[in-house]
Amino acid sequence: MVRSTLALSLLATASAALGANSPLTENTGPKQVPGAYIVEFEDGISPSQFRTQAEPEYETRMTFDYELFKGASIQLKDTETAEERAAQLASLPAVKNIWPVRMYDRPNPIRGGETGEAGRPLFKRQLGGNETTPYPPHIMTGVDKLHAEGITGKGVTIAVIDTGIDYHHPSLGGCFGEGCLVAYGYDLVGDDYDGTNTYPDDDPDDCSGHGTHVAGIIAAQGENPEGFSGAAPGVTLAAYRVFGCGRGGTSSDILIAAFNMAYEQGADIITGSVLDASGWPQDPWSVAVSRIVEKGVPCTLAAGNYGGVGLFFSSAAADGKGVTAVASFDNPLVISLWLRASYSVDDGESVDVAWGRSWPEGFDNVEREVWASSLDITNPIDACQPLPDDTPDLGDYYVLFRLSRECNIEDQTTNLAAKGARFIVRYNDDDRIYSFSAGYSEGDQNILGAAAIGAKEGEAIVKALEAGSVVKATFAHPNSADKLFFRDWDTVNPGAVSGFTSWGPTYEMDFKPQFGAPGGDVFSTYPVELGMYDVLSGTSMATPFVAAAYALVSEARGGAVLEPAVLESLFASTAKPQLWSGGGSSPFEDWLAPGAQQGAGLIQVYDAAYATARLEPSGLSFNDTVNSGPMNFTIVNEGSEDVVFEISHVPTRTLYTLTEDELTAEVGFPESVPQTAELSFSETKVTVGAGSTVTIEVVATAPEGLNEKRYPYWSGYIAVNGTDSSALSIPYQGISGSLYEANVVPEAWLAVSGRDGQFPAPPNMTFVLPGPGGDQPDVTPAIVFNLAWGTKYTALHLVPASTSPLNSTVTTQWGFESIGKIWEHELVVRAGFTSPWRGGLGDGTYPPAGSYKLAFVVQRMFSDGSREEDWIVRYSVPFSFAYPSA
């Protein structure tokens, strides 16, 4: 049986049956909005025709009336029957596709300074203001050379799908509308958007910062105190805001609308640094973006920031076919950004001090005296005990205390608060700044402001106090405090692939990411009211850089934006693969980082602009052992002279996808082994005439002597060097073993959860469950379900334990009798969960007391679900449950 296009996910209606906790852990992909669905209409169907067929059982969230996407986003009124109703909607003649509305997390880049060190030389001129220190991301990619030739991306419009843009910023034009840098756009959600309510308007101003940072990477103007400019300062920007001002994310229907709106309003390039784990190009947002790419508009999307999760963890909508997925490389100039406070000794000269935001943040920019809880700068238990009785009322002081590794921060802050402390400053025992949180325990809730500073500054203040001086300080709210920038050149692994960047490929072995750009420690614009400039790290920062680079290369090669496949091939062919580094401060090793981490490598924009030859496609994926076969790539000579090319390859080390138990995915940086693949070419030396192409056949031989049950991922780079001095390359990848036969669900069982912990349930155990509205009992069943791979579909059914099914059972396609589904998912990423279960089903009903089993159903990879062997079904031990007597 081939499943319909109905994509179902866990419903909130099931959460009451499962318990208070969500049954999915973090990094499991976007979560569904309860009862909300995206419905795509068949050709020629209008919203009114759909409503006639569907009957008025829903409210319309939004209507899609776009060239490439026609349909509606709907909210079913009865969420308890949403699964059944959605399945009915999928079968209507008016419906082409139906997907659940899913929530995507707000971009969460790494803020500069959060992992930096205090005490570095103050970067007084800041970035770009010193001829001897040009902006490093532009140098490492060749953007500076194009700027020197006057190429700025003029005539190209880039749409930014993000938190909006603070167009008031002087480096971003200072205005909005025709003739401004930010020429047009739309706010699809409004300030108070929470995922379910929208307040759209014509003003895409940024109230949280991320989109403004992205915009500056693309097009910041150089007329600012820092002398910093974007990679393509000549472009025009269009801003589409898809996040509210709060902490919430955004939904897939909003994203689909934003991308289609940008396409229809004439954007030449669309960039989005919104992401969530996926791995499936069938994700509806990915599908929508792929359609735009097919129409000739390049779309750059962030590969993701889940580098610590291992292989096969790429993101939507970067997973889309033809979509450029962008990895991140570190800036060789490590930048730390800290908040600026100041202090003076005996009313002398003001001294700047860097501090890290902690919680709570209620500083008010008022000068106060500093009081220290101890004058011993080596005191390991500073403020760990109640303060002396003669301690003054600390309410009007900045109270300075030392980090202790002997007691908890709650103990320290409670003791300080007991003497009236409202504003506290902790100094550390080394030159790092470790932020902390106060105000959560019962004893310290009167604390209004907390700050963290380094040891050097804290010790200087304590010594001044010990000498009898009066020290006064001023701290402002983090959102209004000035910033201090510190810099240090990375001498260990400059320009390494960022450790946080997500690994591909997709679960269908599509090559992701395509290539990368600078995304680590990136200085750029920030909303005026939030400090004007900031340092952030993430694939969110690398992605707009590639969009800007696309604009530069298009201008250099004639003006009109090139076709997406041509741009991708130019950039991949000329990119520079980087050596492997374990991330962080690990030095480079003597082998190249794998294709699943860096794609083709770090983009070289100047080379892409003037390359007269390129390779198609942008990467070769030899798939798994079962589906592998010869592949081709094409050398395209767009120059005016014949060129002789020599072809070779540089393999890199092989990575194991699974751990030694052959069941669990490798997390962090996967284990590597020295064995490499071998390639053979139909020709190793070929002449390609001017304006001509030559296709080369490639046969790959997987590395030998490895454990295929651990799925060794192998990759490398084909080098194509021409007599015209061109040095091109194309990445390749493959995996040993059969992905179809992979054990997608190595662990699925029923557990006992209670005060004594959690353990596997013995056979035939009886649970007393509360039933609808009852109190949670001390001991409950818990569902444990781990996926070592992604799956297109998974479900959990309740089935009778005996061979005599109840009258209410339904025969499933998997051959068992089902009482009903507890939950189901489509397009699931590698993940696991453990959740208590209250006995209810996904539709909100509760089965009668009796004996049952759980049936875990998972679709195999590389299958369409049409055959019995396409499915893995696992059963729990039999168990019984009863309800309390009245």
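Just so we're aligned: 622 in the numbering used here is position 211 of the sequence shown, and the numbers increase by one with no gaps anywhere. Yeah, the Cβ is synthetic: ideal placement off N, Cα and C, and Gly gets one too. Values in this document were obtained by computation on a predicted structure and should not be read as measured data.
Distance check for residue j and residue i, CA to CA, integer angstroms please.
{"i": "E705", "j": "I509", "result": "21 Å"}
{"i": "I1283", "j": "E1237", "result": "15 Å"}
{"i": "D1281", "j": "V1268", "result": "11 Å"}
{"i": "F1196", "j": "Q1169", "result": "14 Å"}
{"i": "P1211", "j": "A1260", "result": "11 Å"}
{"i": "A1113", "j": "A1206", "result": "35 Å"}
{"i": "P924", "j": "P709", "result": "15 Å"}
{"i": "T1075", "j": "L487", "result": "38 Å"}
{"i": "D1189", "j": "R1166", "result": "7 Å"}
{"i": "G1303", "j": "I1014", "result": "Since the displayed the chain opens at 412 and closes at 1297, residue 1303 lies outside it and no answer follows."}
{"i": "A1153", "j": "Y595", "result": "49 Å"}
{"i": "Y1294", "j": "G1182", "result": "6 Å"}
{"i": "D945", "j": "V600", "result": "25 Å"}
{"i": "F897", "j": "S747", "result": "5 Å"}
{"i": "E453", "j": "G657", "result": "36 Å"}
{"i": "Y1021", "j": "L1139", "result": "13 Å"}
{"i": "G1253", "j": "G446", "result": "12 Å"}
{"i": "R1285", "j": "A1159", "result": "7 Å"}
{"i": "T912", "j": "S880", "result": "49 Å"}
{"i": "Y604", "j": "V512", "result": "15 Å"}
{"i": "S755", "j": "V882", "result": "6 Å"}
{"i": "Q796", "j": "C818", "result": "9 Å"}
{"i": "A630", "j": "L963", "result": "11 Å"}
{"i": "Y1151", "j": "A483", "result": "35 Å"}
{"i": "V957", "j": "P441", "result": "25 Å"}
{"i": "I667", "j": "A866", "result": "49 Å"}
What three-state label does DSSP hand residue i in the structure shown?
{"i": "F461", "result": "helix"}
{"i": "S1032", "result": "strand"}
{"i": "S769", "result": "strand"}
{"i": "R813", "result": "strand"}
{"i": "Q632", "result": "coil"}
{"i": "I1309", "result": "Because the chain spans 412 through 1297 in this model, residue 1309 falls outside it and cannot be assessed."}
{"i": "G1127", "result": "strand"}
{"i": "R1166", "result": "coil"}
{"i": "L1252", "result": "coil"}
{"i": "V908", "result": "strand"}
{"i": "M943", "result": "coil"}
{"i": "G540", "result": "Note on G540: pLDDT 40, under 50, position unreliable in the model; the coordinate value appears next. Note: G540 maps to coil in three-state DSSP."}
{"i": "V1298", "result": "Any question about residue 1298 goes unanswered here, given that the chain covers just 412 to 1297."}
{"i": "N790", "result": "coil"}
Which first and last residues belong to the beta strand (DSSP E) in which residue i is found?
{"i": "E705", "result": "First-last for E705: 695-705, but that is the alpha helix (DSSP H), not the beta strand (DSSP E)."}
{"i": "M1176", "result": "1176-1179"}
{"i": "N1048", "result": "1042-1048"}
{"i": "K883", "result": "882-886"}
{"i": "I681", "result": "680-683"}
{"i": "D741", "result": "735-741"}
{"i": "I576", "result": "Taken as a continuous stretch (DSSP letters only), I576 belongs to no beta strand (DSSP E), as it is neither H nor E."}
Determine which residues share a DSSP beta bridge with residue i and list them.
{"i": "I1194", "result": "L1161, S1246"}
{"i": "E1228", "result": "T1222"}
{"i": "E919", "result": "Bridge partners of E919: none, in fact."}
{"i": "Q443", "result": "R513"}
{"i": "A713", "result": "V737"}
{"i": "H621", "result": "Looking at the DSSP assignment, H621 forms no beta bridge with any residue, so it has no partner."}
{"i": "T474", "result": "A483"}
Along the chain, where does the alpha helix (DSSP H) containing residue i start, and where does it finish?
{"i": "F1298", "result": "Shown here, the chain extends from 412 to 1297; a query on residue 1298 therefore has no answer."}
{"i": "L400", "result": "The chain is shown only over 412 to 1297; residue 400 falls outside these bounds and no answer can be derived."}
{"i": "R496", "result": "493-501"}
{"i": "E868", "result": "866-877"}
{"i": "P975", "result": "975-985"}
{"i": "L666", "result": "663-675"}
{"i": "T552", "result": "547-552"}
{"i": "T1063", "result": "Where T1063 is concerned, there is no enclosing alpha helix (DSSP H), given that its DSSP letter is neither H nor E."}
Please report the Cβ distance between residue i and residue j, rounded to the nearest whole angstrom; I am assuming they are in contact, meaning their Cβ atoms lie under 8 Å.
{"i": "Q1144", "j": "G1006", "result": "5 Å"}
{"i": "S1219", "j": "I1230", "result": "7 Å"}
{"i": "P889", "j": "D577", "result": "Contact flag wrong, Cβ pair sits at about 17 Å."}
{"i": "I569", "j": "Y651", "result": "Not really, about 11 Å apart at Cβ, beyond 8 Å."}
{"i": "Y515", "j": "V685", "result": "6 Å"}
{"i": "S1083", "j": "Y1122", "result": "The Cβ separation is near 14 Å, so there is no contact."}
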